[in-house]
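Heads up, the thing below is written out as structure tokens.
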Amino acid sequence: MSETKKTNIILFSGDYDKAMAAYIIANGAAAYDHEVTIFHTFWGLNALRKDGKVEAQKGFLEKMFGKMMPKGADNLGLSKMNMAGMGPKMIKKVMKKHNAQTVPELIEMAQMQDINLVACQMTMDLLGFQKEELLDDITYAGVAAYLADAEDGNVNLFI
Amino acid sequence: MNVDKQLDAKGLACPMPIVKTKKAIGEIESGQVLEVATTDAGAKQDLTAWTSSTGHTLLDDKEENGVFTFWIQKG
Numbered sequence: 001m002s003e004t005k006k007t008n009i010i011l012f013s014g015d016y017d018k019a020m021a022a023y024i025i026a027n028g029a030a031a032y033d034h035e036v037t038i039f040h041t042f043w044g045l046n047a048l049r050k051d052g053k054v055e056a057q058k059g060f061l062e063k064m065f066g067k068m069m070p071k072g073a074d075n076l077g078l079s080k081m082n083m084a085g086m087g088p089k090m091i092k093k094v095m096k097k098h099n100a101q102t103v104p105e106l107i108e109m110a111q112m113q114d115i116n117l118v119a120c121q122m123t124m125d126l127l128g129f130q131k132e133e134l135l136d137d138i139t140y141a142g143v144a145a146y147l148a149d150a151e152d153g154n155v156n157l158f159i
Numbered sequence: 001m002n003v004d005k006q007l008d009a010k011g012l013a014c015p016m017p018i019v020k021t022k023k024a025i026g027e028i029e030s031g032q033v034l035e036v037a038t039t040d041a042g043a044k045q046d047l048t049a050w051t052s053s054t055g056h057t058l059l060d061d062k063e064e065n066g067v068f069t070f071w072i073q074k075g
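Chains as they are written, first to last, in full-length UniProt numbering: chain P, 1 to 159; chain A, 1 to 75.
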């Protein structure tokens, strides 16, 4: 084994199925001994939100935004066949039958495998997220940090 | 075959067989052999690709009653 390879994934989407794909690839890449980073921006930040109510000092617009977006990975909708929330319920049933890992489980596994979970600070500000609303042990960065990882990345994905 | 460690990954879906195999191979010494059993039909391609690109050797594999078994020697 020579030098460590790098996988960088931008998770822009806040859909359950797309987050699932991103986290499966990330966990697979970690098993390939890659150094893995998932850079969450825009709707992808919702995957990092804590489930339930978190006290945070916010303005009116930020509060509205917070209410309208899914709270955490388990509450994301599907990109297709969401059917007002019926879709996610059905797919979770099927996933259980096939013993597939849920997105929250995949995120936990990613943290166990030392995958670098990054939240984009600029879009956090836009959507009104504060650090206490997102999972612990994540890092905050911007485009330069992403590019520094991506320019010598072996796998670069935008999901 | 001389097996140093066994991994039962039966019933697990992608990406778990690979993630567990990686963990298990980390627990044996170079030259030792890991036996992996899985029911994931994608595992044949997955484990073959994984062993060659992570520097290990796939010694043998077989399929019996829907169970795929692999013997991987740590590189």
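From the three backbone atoms N, C-alpha and C, an ideal C-beta is built for every residue, glycine too.
Close Cβ partners of residue i (< 8 Å) along its chain, the five nearest in sequence each way excluded
i, result
"A:Thr42", "In the sequence under discussion, the amino acid at residue 42 of chain A is Gly, which differs from the Thr named in the question. For A:Gly42, where only same-chain residues beyond five positions count, the Cβ hits under 8 Å are Cys14."
"A:Asn2", "Val33"
"A:Met10", "First, the amino acid is wrong: residue 10 of chain A is Lys here, not Met. Cβ within range, chain order: Ala37, Thr38, Thr39, Val67."
"P:Leu45", "Gly14, Ala119, Cys120, Thr123, Met124, Leu127, Phe129, Leu134"
Nearest-angstrom beta carbon gap, residue j and residue i [assumed within contact, 8 Å]
i, j, result
"P:Ile10", "P:Phe158", "5 Å"
"P:Thr37", "P:Asp149", "5 Å"
"A:Thr39", "A:Val67", "6 Å"
"A:Lys22", "P:Ala22", "Going by Cβ atoms, the distance from A:Lys22 to P:Ala22 rounds to 19 Å, so no, they are not a contact pair."
"A:Ser30", "A:Lys74", "5 Å"
"P:Leu117", "P:Ile91", "So it is not a contact: roughly 23 Å between Cβ atoms."
Per-residue contacts from residue i into chain P (C-beta, under 9 Å)
i, result
"A:Ile18", "Asn27, Gly28, Ala31, Tyr32"
Outcome for residue i when other beta-carbon atoms lying within 10 angstroms are tallied against a minimum of 16
i, result
"P:Gly85", "exposed"
"P:Leu61", "exposed"
"P:Asn27", "buried"
"P:Asn154", "exposed"
"P:Asp17", "buried"
"A:His56", "buried"
"A:Phe70", "buried"
"P:His40", "buried"
"P:Leu147", "exposed"
"A:Thr48", "exposed"
"P:Gly59", "exposed"
"P:Ala144", "exposed"
"A:Asp8", "exposed"
"P:Met1", "In this prediction, P:Met1 has a pLDDT of 46, which is less than 50 and means its spatial position is unreliable; what the coordinates show is noted afterwards. Counting Cβ neighbours within 10 Å, P:Met1 comes out exposed, since fewer than 16 surround it."
Amino acids of chain A, ordered along the chain, whose beta-carbon sits closer than 8 Å to that of residue i
i, result
"P:Met109", "Val19"
"P:Cys47", "This sequence places Ala at residue 47 of chain P; Cys is not what is there. In chain order: nothing, as chain A lies at least about 17 Å away."
Under 9 Å by beta carbon: chain A residues contacting residue i
i, result
"P:Ile24", "Cys14, Pro15"
Check: residue i C-beta below 8 Å from any heavy atom of the ligand ZN
i, result
"A:Gly55", "The ligand ZN is not among the ligands present in this structure, which contains no ligands whatsoever."
Neighbourhood of residue i by C-beta, 7 Å cutoff - its chain only, sequence neighbours within 5 removed
i, result
"P:Ala100", "none"
"P:Lys6", "His34, Glu35, Asp149, Asp152, Gly153, Asn154"
"P:Pro104", "Ala73, Asp74"
Proximal residues of chain A, C-beta to C-beta of residue i below 7 Å
i, result
"P:Gln57", "Neighbours of P:Gln57 on chain A: none; closest Cβ ~39 Å, over 7 Å."
"P:Ala100", "Ala13"
Own chain, CB closer than 6 Å to residue i, minus 5 neighbours either side, in chain order
i, result
"A:Asp4", "Ile28, Gln32, Val33"
"P:Tyr140", "Ala119, Gln121"
"P:Gly87", "Leu78, Met81"
Tell me which residues of the UniProt domain "UPF0033" (7-31) of chain A have at least one Cβ-Cβ distance to chain P shorter than 9 Å, keeping chain order.
Listed in chain order, the positions of the UniProt domain "UPF0033" (7-31) of chain A with a beta carbon within less than 9 Å of a beta carbon of chain P are Gly11, Leu12, Ala13, Cys14, Pro15, Met16, Ile18, Val19, Lys20, Thr21, Lys22, Lys23.
Closer than 9 Å between beta carbons: that is the criterion. Which residues of the stretch 78-98 of chain P meet it against chain A?
When C-beta distances to chain A are compared with 9 Å, the residues of the stretch 78-98 of chain P below that value are Met95, His98, in chain order.
Along the stretch 42-73 of chain A, where does the CB come closer than 7 Å to a CB of chain P? Name the residues.
Trp50, Ser53, Thr54, Gly55
Of the residues that make up the stretch 109-129 of chain P, which ones have a beta carbon closer than 8 Å to any beta carbon in chain A?
Met109, Gln113
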